[in-house]
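Numbering (my numbering), first residue to last: 235 to 830.
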């Protein structure tokens with residue numbers, strides 16, 4: 235070992251890379267910085283926490299609803315139970331700080347992984363960072379500490395491994411070489427290498443595609459990871475769709491290619507992918523509910539009334555920054571494909587064509603993003619992963635384009651060389667010491683209640699400007715005062731909006747139940763229809779009020795139902811009110827001495 239080698243090894247661990255800096259910045263922004271209000275902005279996380287703690291306390295899975303009065307004892311498919319258990323453990327150890335710590339860790343890891351895959355795919359560092367930021371902006375629409383962020387991670391990971399698998403099988407085609415170690419220098423570098431090389435075809439950046447030595451773990455990765463994914467979140471369906479696309483592309487390639495050897499390789503890949511796909515499908519049955527989970531999800535996603543009335547399942551309106559970022563990404567995809575189609579640089583007929591798998595993934599991602607707002611994060615990540623290498627290759631090709639202006643060619647050449655050099659150095663720094671230290675330090679602080687010495691650095695909480703914090707405090711004080719006076723405290727269920735139901739479960743369970751919350755698959759379209767009739771004051775709302783035997787209602791101050799109840803002072807009394815929420819109680823439910 236030369237004296238320079240230890241120093242180089244030490245630098246790899248001690249010098250932070252750009253990815254390390256981005257990870258640390260994003261991690262702390264979510265944990266204690268400007269984005270710290272995002273993870274708990276959705277009250278849904280409340281019942282996830284309580285369900286996880288309930289599983290830990292009873293040592294059994296929750297199979298019937300324990301949280302609501304309307305569905306109490308009815309079958310409940312808590313298919314995200316494994317994530318709930320993890321939340322329960324962290325909440326018992328660190329409170330809400332631990333919940334946000336996990337969210338910050340996952341989100342920071344996801345976007346740094348996205349940046350790494352862009353670099354390994356041949357995207358220049360500067361463009362890769364820009365695309366990552368666009369995808370991150372699109373993801374803020376659903377940036378909550380809910381289990382769906384696990385599906386972001388698995389979707390990204392599955393796409394990377396599928397790209398790697400396809401790359402090992404391709405000969406004479408430009409491969410993205412995702413998840414292959416080493417710096418791929420972009421399209422221009424790959425082209426120049428293949429022009430000057432008389433040896434075997436290589437993947438982008440000179441990495442040899444050794445088709446006889448596909449890593450054995452790749453086919454097993456999918457069913458093995460599915461065992462976790464199916465018990466963490468329902469987004470595994472999207473992963474199966476991705477897998478189906480690559481399997482179908484391999485089958486089409488085996489039938490259409492005129493090269494006999496390439497057809498054989500594609501046929502082998504198609505059969506291997508089909509086997510792994512089947513194994514992954516079988517792995518989806520390894521959950522506490524078996525095949526009944528699939529039937530339940532099918533009924534849920536196939537319920538048109540629910541899909542049309544649940545906000546996060548509705549199509550984006552493109553008035554917010556997240557939606558606009560997604561639109562920009564779509565435009566960049568079109569520019570990438572157009573530039574790749576009309577680029578004057580061609581090595582063969584195949585080189586100028588977009589791979590079928592990429593085209594199908596773009597169609598899937600675009601459709602998913604247009605169909606539902608909650609799909610924008612994953613769709614944006616997949617789109618930038620495909621567009622990034624093509625955009626950078628088209629830009630780098632300007633340096634050698636004869637018809638381009640001289641200053642354009644020189645500028646493209648300098649920017650390309652600088653970005654490639656920076657990217658090569660970036661990929662050499664693989665120690666990632668500082669992100670590990672940062673995450674460990676943050677967890678230690680969370681264990682201490684967020685305090686570092688005499689200063690509280692981390693204080694995760696539900697936003698009192700968006701959640702009925704004060705109103706729940708009032709109800710809990712009322713409950714405690716009744717106990718202190720040796721009176722039977724009111725255990726009547728509390729009616730609130732479905733958006734606040736999870737928070738009420740978090741704060742009030744098990745003393746009081748909710749009437750409805752945002753577990754829409756549990757309540758079904760009939761009860762959600764009744765809920766909307768009630769909250770929107772449609773004809774028949776008073777009948778729903780009586781049928782559900784609502785005696786305590788916690789509502790947004792300016793909501794339709796709150797205004798309607800104010801018009802019934804003989805039946806309803808305002809027990810508490812502030813700028814955010816109002817608590818109504820029925821007159822016949824008011825203890826002696828309080829009615830007026």
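Think of the CB as a built atom: it goes at the ideal place given N, C-alpha and C, for glycine as much as any other residue.
Model, not experiment: these values are computed from the prediction.
Quick check on DSSP: helix, strand or coil for residue i?
i, result
"residue 664", "coil"
"residue 296", "coil"
"residue 453", "helix"
"residue 249", "coil"
"residue 729", "strand"
"residue 595", "helix"
"residue 428", "With a pLDDT of 37 at residue 428, under the threshold of 50, the modelled position of this residue cannot be trusted; read the value that follows with caution. Helix, per DSSP."
"residue 302", "strand"
"residue 281", "helix"
"residue 686", "strand"
"residue 309", "strand"
"residue 437", "Confidence at residue 437 is low in this model, with a pLDDT of 39, below 50, so its placement is unreliable and the value that follows should be read with caution. Residue state, collapsed to three classes: coil."
"residue 421", "Only weak support exists for where residue 421 lies, its pLDDT of 40 falling under 50; the coordinates are left without a value."
"residue 700", "coil"
"residue 379", "coil"
"residue 491", "coil"
"residue 708", "helix"
"residue 770", "coil"
"residue 255", "helix"
"residue 692", "coil"
"residue 275", "coil"
"residue 588", "coil"
"residue 548", "coil"
"residue 520", "coil"
Relative to the alpha-carbon of residue i, which residue among the options has its alpha-carbon at the smallest distance?
i, options, result
"residue 570", "294, 520, 631 and 336", "631"
"residue 755", "299, 283, 463 and 290", "299"
"residue 869", "274, 252, 324 and 310", "Since the displayed the chain opens at 235 and closes at 830, residue 869 lies outside it and no answer follows."
"residue 568", "588, 551, 557 and 555", "588"
"residue 281", "275, 301 and 551", "301"
"residue 553", "261, 561 and 304", "561"
"residue 276", "679, 306, 337 and 342", "337"
"residue 695", "268, 261 and 274", "274"
"residue 812", "316, 469, 713 and 702", "702"
"residue 387", "472, 659, 668 and 645", "472"
"residue 647", "656, 713 and 634", "634"
Under DSSP, the alpha helix (DSSP H) around residue i begins and ends at which residues?
i, result
"residue 397", "382-403"
"residue 787", "Residue 787 -> not in any alpha helix (DSSP H); beta strand (DSSP E) instead, spanning 786-790."
"residue 211", "With the chain covering 235 to 830 only, the question about residue 211 has no answer from this structure."
"residue 781", "775-781"
"residue 525", "525-535"
"residue 800", "794-800"
"residue 335", "330-354"
"residue 627", "610-631"
"residue 539", "538-543"
Rounded to the nearest angstrom, how far is the Cβ of residue i from that of residue j, given a contact under 8 Å?
i, j, result
"residue 620", "residue 595", "6 Å"
"residue 483", "residue 590", "4 Å"
"residue 730", "residue 798", "Actually they are not in contact, since the Cβ atoms of residue 730 and residue 798 sit about 15 Å apart, beyond 8 Å."
"residue 549", "residue 459", "Contact doesn't hold; Cβ gap of about 30 Å is too wide."
"residue 457", "residue 514", "5 Å"
"residue 384", "residue 340", "7 Å"
"residue 379", "residue 334", "6 Å"
"residue 733", "residue 815", "Residue 733 to residue 815, Cβ: 12 Å. No contact."
What are the boundary residues of the beta strand (DSSP E) that includes residue i?
i, result
"residue 810", "806-811"
"residue 751", "No beta strand (DSSP E) contains residue 751, which DSSP labels as neither H nor E."
"residue 819", "815-820"
Measuring CB to CB, does residue i end up less than 7 Å from residue j?
i, j, result
"residue 346", "residue 259", "no"
"residue 290", "residue 322", "yes"
"residue 738", "residue 749", "no"
"residue 559", "residue 371", "yes"
"residue 254", "residue 666", "yes"
"residue 403", "residue 499", "yes"
"residue 467", "residue 381", "yes"
"residue 760", "residue 735", "no"
"residue 504", "residue 485", "yes"
"residue 350", "residue 612", "no"
"residue 348", "residue 653", "no"
"residue 791", "residue 819", "no"
"residue 573", "residue 628", "yes"
"residue 479", "residue 399", "no"
Any Cβ of chain B within less than 7 Å of the Cβ of residue i?
i, result
"residue 749", "In the structure shown, chain B cannot be found, because there is only a single protein chain."
The ligand GTP and residue i: does the residue's C-beta get closer than 6 Å to at least one heavy atom of that ligand?
i, result
"residue 463", "Of ligands this structure carries none, so the ligand GTP is not represented either."
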